[in-house]
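Numbered per numbering that gives the first Met the number 0, the sequence shown finishes at 140, counting up by one with no gaps.
A virtual CB, placed ideally from N, CA and C, is assigned to each residue, including glycine.
Note that the structure is predicted; figures quoted are calculated from it, not measured.
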Amino acid sequence: MFSKYYSLEEANTLIPWFHEEIIYLKYLQDTLHRTYRKRRAAAEAGEEEVFLLEAAIDFLEWQTRDLIRQLETKYVFVRSVQNGQIDLPAKANGRTVMLSWKFGESAISRYRELFAVYTKRKRIEATDDDADPEWRKYPLE
């Protein structure tokens, strides 16, 4: 299903990177919301600034989509920018699961079944790949 599966150990080494990316995505989202409000107010007032604000909105949307696509090429899936939720594919007991990290957590210690909702997260101690640190030979770039 996925061409990359994370061990718990490998996923936990990426938390500082996740933290930075979520902060930036939240910044983009907040800026986008402020710009939407400015654009609405400018349109209602008949101001000429509307075109520039629409261009800024397009650019912010593009930046957000591009960053999320970049993460997805590394099989890092943003479930929610607002809540800072990220999922990564892993193997546990021979099944594909999603390791789940939430902004503010110091370590990944939960997973969810592939199609389960985020609130159904369960504790995880190790993945099938934690016994074989093959990932160290080919770190995520």
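Kindly identify the DSSP beta-bridge partner or partners of residue i.
i: Arg-109; result: Ser-99 and Arg-122
i: Gln-84; result: Ser-79 and Lys-101
i: Lys-90; result: Thr-95
Answer yes or no: do residue i and residue j have a C-beta to C-beta separation smaller than 8 angstroms?
i: Ser-105; j: Arg-120; result: no
i: Thr-63; j: Leu-113; result: no
i: Thr-126; j: Ala-91; result: yes
i: Arg-111; j: Arg-122; result: no
i: Arg-38; j: Ile-56; result: yes
i: Asp-129; j: Ser-6; result: yes
Could you tell me the boundaries of the alpha helix (DSSP H) in which residue i lies?
i: Asp-65; result: 49-72
i: Phe-17; result: 14-44
Count Cβ pairs between the stretch 72-90 and the stretch 14-23 that sit closer than 8 angstroms; are there 3 or more? With the cut-off at 8 angstroms, the stretch 72-90 and the stretch 14-23 touch.
Three-pair Cβ contact test at 8 angstroms for the stretch 41-60 versus the stretch 4-20: With contact defined as three or more Cβ pairs closer than 8 angstroms, the stretch 41-60 and the stretch 4-20 are not in contact.
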